[in-house]
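Some notes on the structure that comes next.
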Amino acid sequence: MKNGLVSKSPKLQNWIRGLQQGTFKEFAAISDIHGNLGTFKALVDMFLNLGITRFRLNGDYIDLDEEHNIAVLRFLKSLKEQQYGLKDEKTGKTVYAEDVVILLGNHDLKFIQTMIGSREAFVEWIKTGGLYVLQEAKIEHHALIHMLETIVKKIERELQGNPVNIIGKRIGLELNQFIRENPQAIADLMDKARQQQDLMALAGWLLNTGKLYFEDENGILFVHAGLPMGADGKVNIENYKGVAGLSSLDSLLEDFRKSGVLIGRDVTPAGIAPYSAVFSSIMNLAELDFLKQLSQNPQRAQTVLDQLHINCLIVGHKKQDRLFSIGGAKIFGIDLTMPRYYGSHGGALQFSQQGITVYKVHKGQIEIDTAACLSKDQLIAELTNR
Ligand SMILES: [Mn+2]
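With our numbering, the residue at position 76 of the sequence shown is 67, and numbering never jumps.
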């Protein structure tokens, strides 16, 4: 049975040669930070200490921490713009990240769309953690925030230890009613958020910096939640202006940035409509469960890689107990969500000259998930279709 990687992509030879000749460019991948500044910073410092200066971040920087969502965005910006670095005690030199790829996640997009002026996105956002961001931004609307807080706290108490998405759904039921009954209060709260210059600047920066996908020189593809897949198991990215496939997402994002939805300007739902379908399919595939479908059907996983001419796929978004891979070096699911909700969690990968190192975070401590790691020889064997 064929279980290695196909050699259709010329980038595959690049990857193998890099490993064999010692010229592979190392990188770290981290996903779903969700306001967990301490762990994010600890991971960045660990990687910089190891001499790894290339970072691939799979999206969802905000929303699940009570105090550090905006702080994570500020840290992310300083990392990207080489204002944050790690001082090497021996040489006295400061090491900076050289290449930081920032993907957008569904939470980031809701924040951006809120700041753009989408009331629909705002309502969704405050149900899934946006409220924490507003509190952190010290947005004053005491009665409403107190009301929302009460609902959230009550449900959190009831569902202690349960996954965030269940909390989100429960909050949704009570909040929907509150929102229906208090449209003016909701509108005021959104206006206040949009009047915060700091928040607006961060949303604008994220919109102009973030990507919907990224493919590197080795044919390794990064996406936040997965890719829309048809019943035939093929990736199905809607046509955008007559172009289908991944590259259509570039023009989609470019148009989104440039068109009537420029940051700070009011938009109507109709203004966002052309983008919404694609955004929701690539940003939030919880219903389709992209990774689950692939893991249950390795042939399907291979079909997706073949179809996209890629050698490896790294996906975030999906909460799981540990990082998991489908078929050795082929497909990885990573998600570093709040340890407050999940005791032990996977969240980071290191692709280096030594192979692939998998990290998990347990009670704030970064540990290597030894069983999930791949040595250089194992990786080369996978890549050369053993
Ligand atoms: Mn997500």
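Here a beta-carbon is modelled for each residue, glycine too, at the ideal position from N, C-alpha and C.
Annotated three-state conformation of S22 is coil, per DSSP.
Around the beta carbon of S366, fewer than 16 other beta carbons lie within 10 angstroms, which makes this residue exposed.
Note that the segment 104 to 119 does not touch the segment 223 to 236; fewer than 3 beta-carbon pairs, one per stretch, sit closer than 8 Å. In the three-state DSSP reduction, D90 falls in the strand class (E or B).
Out of E149, I322 and D297, the CA that lies nearest to the CA of Q287 is found in I322. The Cβ neighbour count for A339, taken over all protein chains shown within 10 Å, is at least 16; the residue is labelled buried. G96 has its Cβ nearer than 7 Å to a heavy atom of ligand 1. Taking a contact as a CB-CB distance under 8 Å, the pair L64 and Y52 counts as one, their CB atoms being some 6 Å apart.
Per DSSP, I347 is one residue of the beta strand (DSSP E) stretching across G346 to H353. Excluding five sequence positions before and after A19, the CB atoms of its chain that fall closer than 6 Å to its own CB belong to F38, I43, F46 and Q341, given in chain order.
Between the alpha carbons of E358 and G120 lies a distance of about 28 Å. For I93, same chain residues with a beta-carbon under 6 Å away, outside a window of 5 residues either side, are L48, T200 and G201 in chain order. Not one heavy atom of ligand 1 falls within 7 Å of the beta-carbon of A128. Your pair A62 and L41 does not check out as a contact, with CB atoms roughly 24 Å apart and the cut at 8 Å. Taking non-hydrogen atoms of ligand 1 into account, the C-beta of A216 is found less than 7 Å away from one of them. Separation of the CB atoms of N60 and G83 is rounded to 34 Å, and the pair is thereby denied contact status at 8 Å. Annotated as distal: L10 and N302, with beta-carbon spacing of 8 Å or more. Taking C-alpha positions only, L198 is separated from F102 by approximately 10 Å.
DSSP places G195 in the uninterrupted alpha helix (DSSP H) bounded by Q188 to T200.
At the C-beta level, L327 and V306 stay beyond 8 Å of one another. Burial state of A178 is exposed, judged by a 10 Å Cβ sphere holding fewer than 16 other Cβ atoms. Across the set L237, A184, L296 and L164, the C-alpha of A184 shows the shortest separation from the C-alpha of S109. The criterion of a C-beta distance shorter than 8 Å is not satisfied by L212 and A128. The distance from the Cβ of L100 to that of M274 is about 6 Å, consistent with a contact at the 8 Å cut-off.
Under the three-state reduction of DSSP output, Y231 falls in the strand class. The Cβ-Cβ distance between V91 and K71 falls below 8 Å.
Within a 10 Å sphere around the beta-carbon of N209 sit 16 or more other beta-carbons, which makes this residue buried. Q186 sits exposed, since fewer than 16 C-beta atoms from the chains shown fall within 10 Å of its C-beta. Secondary structure of K2 (DSSP, three-state): helix. It is roughly 11 Å from the alpha-carbon of E140 to the alpha-carbon of E57.
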